[in-house]
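So the protein sequences, as listed, match chains A and B. The numbering used here numbers the first residue of the first sequence as 1 and each following residue consecutively. The numbering used here numbers the first residue of the second sequence as 514 and each following residue consecutively. Backbone N, C-alpha and C fix where the C-beta goes; we use that ideal spot for every residue, glycine too. As the structure is a prediction and not an experimental result, all values here were calculated from the model. In what follows, a single structure is set out as structure tokens and then discussed.
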Amino acid sequence: MLLNMILFLPLAGFLLLLFFPREQRGAIKTTALLVSLLVFVASLGLIPEVRNAPTAMSYETNVSWIDYPPIRYHVGIDGLSLWLVILSTLLTPITVLVSWNYIQKRVKEFFAFLLLLEFGMIGVFLAMDLFLFYVFFEVTLVPMYFLIGIWGHDKRIYAAVKFFLYTLAGSVLMLAAIIYLYNRGGTFDYPILLEMLRNGRLALSSTEQFWLFMAFFFAFAVKVPLFPLHTWLPDAHGEAPTAGSIILASVLLKMGTYGLVRFCLPMFPGAARDNAPWIVALAITGIIYGALVAMIQPNMKRLVAYSSVSHLGFVVLGIFSFNQLALDGAVYQMLNHGVSTGALFMLVGYLYERRHSLEIADYGGVATPAPFLSAMFMITMLASVGLPTLNNFVGEFLVLQGAAQVNFTWAVFAAVGVILSAVYMLWMYQRTFFGEVSEELRSHMHDLSPREWATIIPLVVLMIWMGTGTQTFLPVISASNERTLEQTKTNVEFQVNASPSLSSQVKELLNVR
Amino acid sequence: MSASFLPTGVEYIRLLPEIILAIFGTVVMMASPLRPKESRNFLYTLTLIGLVAALWASIAAYASPGTAFQGMVIIDGFGTFFRVLVIGVGILTILISHQYLTRERAEPGEYYSLLLLSVLGQCVMVTANELIMLFIGLEVSSIASYVMAGYLRHDRRNNESALKYFLLGSFATAFLLYGVAWIYGITGTTNLAEVRAALLTPGLAPTGMLASAAAALMFIGFAFKVSAAPFHVWAPDVYQGAPAPVAAFLSAGPKAAAFAILLRVYMTAFEPLADRWEPILWLSALLTMVIGNFAALTQTNIKRLLAYSSVAHAGYVMVAVTTNTEMGTAAAMFYLASYAFMNIGAFAVVAHISRQGEKYVQIQDLAGLGVRQPLTAALLSVFMLSLIGVPLTAGFFGKFYIFKAALDANLVWLTVLGLLNSAVAAYYYLRVIVVMYMQEPVESTDSLPPLPTGLKATLWGAAAGTFLLGIFPSLVLDFAGRSAALVK
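Here you go:
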């Protein structure tokens, strides 16, 4: 019941907002904030039960939605989705606050779309029926499309349409694959399909597995985005309003990587392993390419966007290393990236609200008039770079270590990305915050307001917490990943040289630190 | 069968919707010159009453399914589904047309009467159990719609539209009739079940080729009516030129009825020839989708855009027909129902925006509608999203069922190409939304009057239908699935 409440409250909030008179801006914003806060608090209540049984589905609801073909409303939460759901519910109230003054036109629609987006995001992570998953996966497109297209920057329309078309083109083939699976297996229910694949009642030939894997993989790779399918991302990120960029980077991209871990690996283990080499090659290319392109961006938002391409490359690398450490790192990195890149976009947005420019060249010396803003930016930036004791370090370290166990060359190349990330981030920081401050900039640059403090503090706390107190988060992820890896071993002859004691090594390793 | 040629009572009940429509069609035409000069609402109300009565009669007739008039018509679930659909389309069209005709200062009497007769023709088509009956229904429906396409006779575009529609239409129906004549020559019957039986008779080999040729001739006629490639070229010109409510009607009612007879004839009478016509339909379906979608990409006129979109959607339904399975039939039925809702909704908004003389029919004329009339813009967005096929709208389940049926029938390539097509289509529908929400208001939207009541009712009704079918598709699909098994 709790889970359904968390899922449907944002939808109820969306419908409620539609009935508000558009002049009552204050009431609209307050309602959106209260609803999203309520959802967040409620979602914290999910933690204890999932922690007790991270590999099982908790709070399951499984009722019929459409009789024929049998599509079920089947939702549940486990260790893999728990933190992603909480990330979504945490970021929604934060983005409501971020947009509090930034959004001046069509306030009602904006906040309504934010809540609709939250509904879609939570649904994606909870759906346990392939069809239902597809529905939520697509539903998130619409509000995001409007967020970019109506409230974005100059090239917003181009970016919005590109975002929509790329994702749609990717996902229609997934729909074909889902239907094909249904025709073969007679159900859309994911756990049942998995069970049938495991016990051989649904046996896919290697050709079938390959094409089905590719259809799913393509849909998710566009979303991640994996090089070379990433070209929509800088446009969408660069043109979206602050709230849109935050949600896009923190949660929507994770729908792609989540899909890979949740669906691609367990359902098509053979194809996933066979294709891992070139996918890893693309991931590593993305890591280095994203970093190099980020380095030369004159626009802050686009810089952060390209850094996402780079960071998400680590996640994909971790996923396709088929190794406990790397997969733990990948899933952890999904959360880390959500927190730190979300915060980066937020702070860039705050700079934009003050100076009305995203060009790095228009800034310089911001640290003098706005020391606290600069300090927060620095912590976030260092987290994104992967400084030890901050969150990204843990994820990247685990991915690199895991990848190194499988193939040392992979790790070497990927590690270059870590170095490059330090280059572009520090350079951007230096040009923006240090140096002489112009009189004009000084007059615009006031420091963080209490509302802005309220949005950044939770994220900074999380960066430190996730960097030092990994035991709060990792065991749940680790346990569910162990199950996922177990599933990828069924019906596969080829095995990666992962010793069974690896998961205990992880715990040891983490305890040491 | 009894020796008596007099129909029994129950046969009249089975044919009651057609009888009601014929009576009301005549009465409306007669009453038109007699009515008091100033009361426009009288004929409007009378027409609505007629359609609602016919709707009720179609449902009542389904209580006693069977054939009537020596097996000329058949009342089954399939026919009833389409009867309800075309009458429903008629009702929605009337709701849009009332305001439109007042605005254009056009005489409403003949218009309503023609619409009733056209719906009557479609009802005959969808329940026809033999080829002559089918042809009569088609002609009744078509001739009435030719006139409706050119109803505002002082408008040059209307004239062009009607002339093109009439010339090409009569040419195509001639092919159809020629095919019927061949079939009669080969099999000696026009009854669908008997044609099937004759084609199944062993030893028919020498005439198998002839029967296929006849089926091909008839396909030309059907393909024209559903605007399937390569017989779709009339659609953009006719839809663009015709009055907006008529275009709405043409894209939903006659098209659904034509698909109904296409399904019925090919799934019953010509089913023995399936392996000959399936490849042709496969190709036609693909061409229709590709041509419709790619041509729509570059349109600037919203009516023309919707025309090409309607060609593309005919292609999706052709995919369902190509499957030659009951599931495909059910999917086509569901799709046509959902398409009727979303397309009439879209055309209703166009009728509203265009203003007197249809001045504003460019996509750019919608600029800023999201600011000026948020409700209209929101509803049009719903229809556009449904036409794209976004989940939780009717259009999504429509496409889903069609492509599911196609995959079931092993049409893998057609499915993949069709789905990619639907992604292409998203571009031009999104453009409409972009213009409405992301551009500043222009003169056409600044001077827009508020939505009139009839139009508002249509829009809300269509939107409700779109969501209802998108969230609870079982409501319609269950019935469609049960009725998809045609009597053979």
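In three-state DSSP terms, what is B:His865? helix
Are B:Pro549 and A:Glu138 closer than 9 Å when you measure CB to CB? no
Within chain A, the residues that B:Lys917 reaches when beta carbons sit closer than 9 Å: Pro69, Ile179, Tyr182, Asn183
Determine the burial state of A:Asn323: buried for a count of at least 16 other Cβ atoms within 10 Å of its Cβ, exposed for fewer. buried
Assuming B:Ala535 is part of the alpha helix (DSSP H), what are its boundary residues? 529-547
Beta-carbon proximity check, B:Ala706 vs B:Thr781, cutoff 9 Å: yes
At the 9 Å Cβ level, is B:Pro963 part of the contact set with chain A, yes or no? no
Would the stretch 645-661 of chain B and the stretch 614-621 of chain B be scored as touching if the rule is three or more Cβ pairs under 8 Å? Look at the beta carbons and you see the stretch 645-661 of chain B not touching the stretch 614-621 of chain B: under three pairs across the two are nearer than 8 Å.
By how many angstroms is the C-alpha of B:Gly522 removed from the C-alpha of A:Ile146? The sequence given here places Phe at residue 146 of chain A; Ile does not occur at that position. Straight-line Cα distance between these residues: approximately 58 Å.
Closest to B:Tyr678 by CA distance: which of B:Val639, B:Pro715, B:Phe732, B:Gly754 is it? The candidate whose alpha carbon is nearest that of B:Tyr678 is B:Gly754.
Classify A:Gly120 as buried or exposed, calling it buried when 16 or more other Cβ atoms lie within 10 Å of its own Cβ. buried
Straight-line gap, B:Tyr941 to B:Ala809 (C-alpha atoms, nearest Å): If I take the Cα positions, the gap works out to 7 Å.
What residue does the alpha helix (DSSP H) around A:Gly185 start on, and which one ends it? Its alpha helix (DSSP H) spans residues 156-185.
Supposed close pair A:Gly417, A:Gly313 - CB separation, criterion 8 Å: 7 Å
For A:Leu115 and A:Thr95, which I take to be in contact (beta-carbon distance under 8 Å), what is that distance rounded to the nearest angstrom? With 8 Å as the limit, A:Leu115 and A:Thr95 do not qualify as a contact, their Cβ atoms being about 11 Å apart.
Simplified DSSP state of A:His74, which is helix, strand or coil: strand
In chain A, what lies closer than 7 Å to B:Pro986 by C-beta? Those are Ile66, listed as they occur along chain A.
How close, in whole Å, do the beta carbons of A:Ser43 and A:Ile86 come, if the pair is a contact with beta carbons under 8 Å? 5 Å
Can you tell me whether B:Ser577 is buried or exposed, with buried defined as 16 or more other CB within 10 angstroms of its CB? Answer is exposed; the Cβ neighbour count stays below 16.
Extent of the continuous alpha helix (DSSP H) to which B:Asn934 belongs: 925-951
Ends of the beta strand (DSSP E) at B:Ile586? In the sequence as presented, Ile is not what sits at residue 586 of chain B; that position holds Val. Run containing B:Val586: 586-588, per the beta strand (DSSP E) assignment.
Along the stretch 153-172 of chain A, where does the CB come closer than 8 Å to a CB of chain B? Name the residues. Arg156, Ile157, Ala160, Val161, Phe164, Leu165, Leu168, Ala169, Val172
What would DSSP say about B:Thr580, mapped onto helix, strand or coil? DSSP places B:Thr580 within a strand segment (E or B) once states are collapsed to three.
Between A:Ala219 and chain B, is the shortest Cβ-Cβ distance under 9 Å, so that the two count as touching? no
Pull the bridge partners of A:Glu49 from the DSSP assignment, please. Answer by DSSP bridge pairing: none, since A:Glu49 is not bridged.
To the nearest angstrom, how far is the alpha carbon of A:Asp362 from that of B:Arg885? 37 Å
Relative to the C-alpha of B:Leu534, which candidate in B:Arg553, B:Glu617, B:Leu627, B:Thr580 has its C-alpha closest? B:Leu627
Closest residue to A:Val570 among A:Ala276, A:Gln104, A:Thr468 (Cα-Cα distance): This structure leaves residue 570 of chain A out entirely; chain A is present only between 1 and 513.
I'd like the span of the beta strand (DSSP E) that includes A:Ile66, first residue to last. 58-66
Run down chain A in chain order and give the residues with a C-beta less than 8 Å from the C-beta of B:Val947. Gly149, Ile157, Ala160, Val161
With 9 Å as the threshold, decide whether the Cβ of B:Leu943 is near any Cβ in chain A. yes
Tell me where the alpha helix (DSSP H) around A:Cys264 begins and ends. No alpha helix (DSSP H) holds A:Cys264; DSSP gives it neither H nor E.
Round the Cβ separation of A:Ile246 and A:Phe111 to the nearest angstrom and send it over; I've been treating them as touching at under 8 Å. Their Cβ separation, rounded to whole angstroms, is 15 Å, which puts A:Ile246 and A:Phe111 out of contact at 8 Å.
Counting along the chain, where does the alpha helix (DSSP H) carrying A:Thr92 start and finish? For A:Thr92, the enclosing alpha helix (DSSP H) stretches over residues 79-102.
The alpha helix (DSSP H) spanning A:Ile379 covers which residue range? 371-385
Does chain B have any CB closer than 9 Å to the CB of A:Phe146? yes
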